[in-house]
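In what follows, a structure is listed as structure tokens, so that the remarks can point back to it.
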Amino acid sequence: MNKQKLYIRSICTSLLIAAASYGAGADSTIVTAPSALSFTDITAAALPESPSAGAHCAAFADISGDGLPDLYVTMYYTADIADLFFVNSGTTVFSEQASAWDIEDIDGGSHGAVFADLDNDGDFDLINGTTVRRSGTTITGGEHNDIFRNNNDGSFTDVSSSIADLYSTEYKTRSVVAFDMDNDGDLDLFTVSGFLGSDDGGDLNEVYENNGSLSFTRLNKAACGDLYDALTGQGATDTDFDNDGDIDIICANRTGDLNIAENNGSGYFTISAPSNYGIAHGAGDGITMGDVDNDGHLDMLLVTGGAEGFAVLYTNDGDGTFTFSAQWSSQTGYMGNFGDLDNDGDLDLVFAGDSKCYLNNGSGTFSQGPAITYSSPSSTNDPRSISLADIDNDGDLDMGIGDKKEKFRIIRNDLVNENNWLKIDLASASGQAGSFGAKIELFPPGQAGSALIGFREARSSTGYIAQNDPVVHFGTGSYTQVDVKVTYLDGTTALRTFVPVNQTISIDHPDVLVDITAMLQGPFDTDTKTMHTYLASAGIIPLTSPYAQDPRTIDSVPASIVDWVLVQARSAPDGENLASVSALLRSDGRIVGDNGTTEYISLPVESGSYYIVVSHRNHLKTMSSTAVALSYTSTAVYSFSASSDNSYDTAGMTEAAPGYWVLCCGDATGDGFVNAHDKNLGWKPDNGTEGYKSGDMNLDTFINATDKNECWRPNNGKGININ
């Protein structure tokens, strides 16, 4: 999936948001926030074939491969019925093509469905959770769920019958979740049986382990724990709520306690009392997770729909427990959804079927935002799910709303302001589209690891049987560049720095890892066989790297650091640099991360063999003598200092002490050679100057005769010119 999509949006006008928050415990006075945010019900034009009733699940994903999110809608009402697949035409008009794609799934009715890449081939397959079978209008029992394999040719194939455990099961399915429960790189399945929860009479849920190649085995309680017989009903959400690196499941329960099924890391789940997590409310229908206060921890919205519906928000304390934050009453819809509707960098909130949205004030509190006005009919009747996707690729989030007793709705976001946005199309190294379970963090440019601009979790299902577009959306406010960090479920990471906003980028692999040792001649001490750290002691190493290829910024420079260096990777000795990363050089020769402690460097290239280049601002560059095999999961070790044979051209190296090869100093001009230009331009004009200067060739904070005599003259003419 090495693709790069770019959608540039012209944006104007400014957004003003008034600050007013909800008090704890009950609804507070609502203050409407003036905004350039507005919404339009475009259902009549967008979905000319929209059903008049019966819609439940709204699942968005780009199935046709044109960069636009398509829409699958499950149907359940009073008779056998087909589900619907709306292909996005790019003009905010959707064409119903379920039959043409072989996913109409005519049966007694369905609730949950998700698009998920079950065979890791880079496209989204479909899991449809069948609810009932009928004889005429009479429900006669449950029916097996269905799996449709995406053929990547404009069609799907129903492979349900080839999965015996799936095909023979006849539970009445509500929610469907696709998640990697055992962290083996493929997506397993969980489906909720029944709808009441505690009062369902002991319905057993379905848990399936993915064996690869679209082969699944149903697990019993001994294999998967409490998830098998949890008292679930309605919605389920896959989420790493406790941030321990595995995916948990949180399930609604209409007639009992919320189900928080905690994963032990290998796919075995334990349910404890909600009070153990600080939760005092239930959720009859939907659970939605999102980081509303941008602290890197997922907060929890619990919704019970219907005539006496309500919603409560709990903020995550960062230790796997939660604190009650806010409450909303009279929410008839079965769920709420979080999305940055105004692109200002924080998550806003909208409930299914509500006539208004709620804008985040920046700290996880909310003010009432613009109205959502519905066209004919002018109100929703029995709203169920709400899913978010940028259906027109203009950079803001639109909505699809399922309603059991009225039309399915498409609500277009007509945001006009100066805020920016970024969308990220994820895949895993194994090829899995969407990479469910990955976490995405946005930071200011060059400041990865600092205060967050935003945090998201890639997942299959949210709230009550809803699926947001797997292309992850961020508002970035006034930021025109950002750093993006992806942490995959297996712990590998990808970092992309200085990413221009107002586009969609693809990240389909983690970074490769390399542990590098290199020495600089100038600060090298022949007695200790280490390098001095005079620049750090004097406090003159800049917090921003001096290398334009990656000018990242850090908070402080540790005392053990000699200076900044630049690490690059190329596929051939004379090839272009495919990746450039600023890093810190420690006194013992280890090139460490910009935190000063991580003893490896992450390079944003695919797994493979690369020549490694190390540069310093006034020493000659060096390059590995051969291509070094680099991977995502193991750290390659390479030392430039141990032997002259490890450098591509020893003209740029000298043996400072027996067995210690160092990068030659004296290249004050950075042209790859040590010659008269370095003396005349780099050293002589600045003679006697103190500071962070290129003429300070021995890095002792002064430019004086020592730099000329010890660093420049011995290496006159040397160079390998590998720029």
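Here our numbering is used: the first residue of the sequence shown is 567, the next is one more, and so on. No residue lacks a Cβ here, since even glycine has one placed at the ideal position from N, Cα and C. Note that this is a predicted model, so its numbers are computed, not measured.
Membership of T609 in the alpha helix (DSSP H) is indicated by the continuous run 609-612.
Counting only unbroken stretches of 3 or more residues, the beta strand (DSSP E) elements lying wholly within the segment 1145-1173 are 1145-1152, 1156-1158, 1167-1169, in sequence order.
For K989, the secondary structure class from DSSP, reduced to helix, strand or coil, is strand. From the listed residues A1102, L1169, V1158, S1153, the smallest Cα separation to Q1134 is found for L1169.
By DSSP's assignment, G1043 forms a beta bridge with N986.
Burial state of S1111 is buried, judged by a 10 Å Cβ sphere holding 16 or more other Cβ atoms. Looking at the DSSP output, E1142 sits in no beta bridge, so it has no partner there. Beta-bridge pairing by DSSP links M901 to no other residue. DSSP places R975 within a strand segment (E or B) once states are collapsed to three. Boundaries of the alpha helix (DSSP H) around C790: 787-790.
Proximity to G791 across I815, S1103, S1001 peaks at I815, based on C-alpha coordinates.
In the DSSP assignment, A1102 falls within the alpha helix (DSSP H) that extends over 1100-1104. Counting only residues of its own chain and dropping the five nearest sequence neighbours on each side, I608 has a CB closer than 7 Å to the CB of T658, I976, R978.
Per the C-alpha coordinates, the member of L793, Q1033, M1085 positioned closest to E1221 is M1085. Residues V639, E662, A664 of the same chain have their beta carbon placed closer than 6 Å to that of L650, with the five preceding and five following residues left out of the count. For the options G1003, G919, S996, the alpha carbon positioned closest to that of M965 is the one of G919. In this structure, DSSP gives N686 a state outside helix and strand, which the three-state scheme calls coil. Looking at the DSSP output, V1179 bridges to Q1134, M1189. Per the Cβ contact rule, the segment 687-703 is in contact with the segment 664-676 (3 or more Cβ pairs under 8 Å). Proximity to L1061 across S1148, D857, V982, S953 peaks at S1148, based on C-alpha coordinates. If the five residues before and after V653 are omitted, its C-beta is found closer than 7 Å to the C-beta atoms of S630, D636, F660, S661, Q663, all from its own chain and listed in chain order.
Assignment of beta-bridge partners to T723 by DSSP yields R715. Of the residues G1236, A1208, C1231, S1213, the one whose Cα lies closest to the Cα of P1224 is A1208.
In the displayed model, T1235 falls within coil according to three-state DSSP, outside both helix and strand. Per DSSP, L650 is not a residue of any alpha helix (DSSP H); the beta strand (DSSP E) it occupies stretches across 650-654.
A contact is defined here as three or more CB-CB pairs under 8 Å, and the segment 1014-1033 meets this definition with respect to the segment 855-871. Burial state of T1059 is buried, judged by a 10 Å Cβ sphere holding 16 or more other Cβ atoms. The C-alpha of D687 lies about 6 Å from the C-alpha of Q998. Here DSSP, grouped into helix, strand and coil, assigns S728 to helix.
Annotated three-state conformation of P949 is strand, per DSSP. Between the segment 707-723 and the segment 743-750, the count of Cβ pairs shorter than 8 Å is below three; the stretches do not touch.
Non-local beta-carbon contacts of D1056 in its own chain, meaning distances under 8 Å to residues more than five positions away in sequence, involve N749, G751, T1199 in chain order. Under the three-state reduction of DSSP, C1230 is assigned to coil, being neither helix nor strand.
In this structure, the beta-carbon distance from P614 to M641 does not fall below 8 Å.
The segment 1000-1055 is shown to contain no whole alpha helix (DSSP H) run of 4 or more residues. Judged by their CB atoms, P1089 and L1265 are nearer to each other than the 8 Å cut-off.
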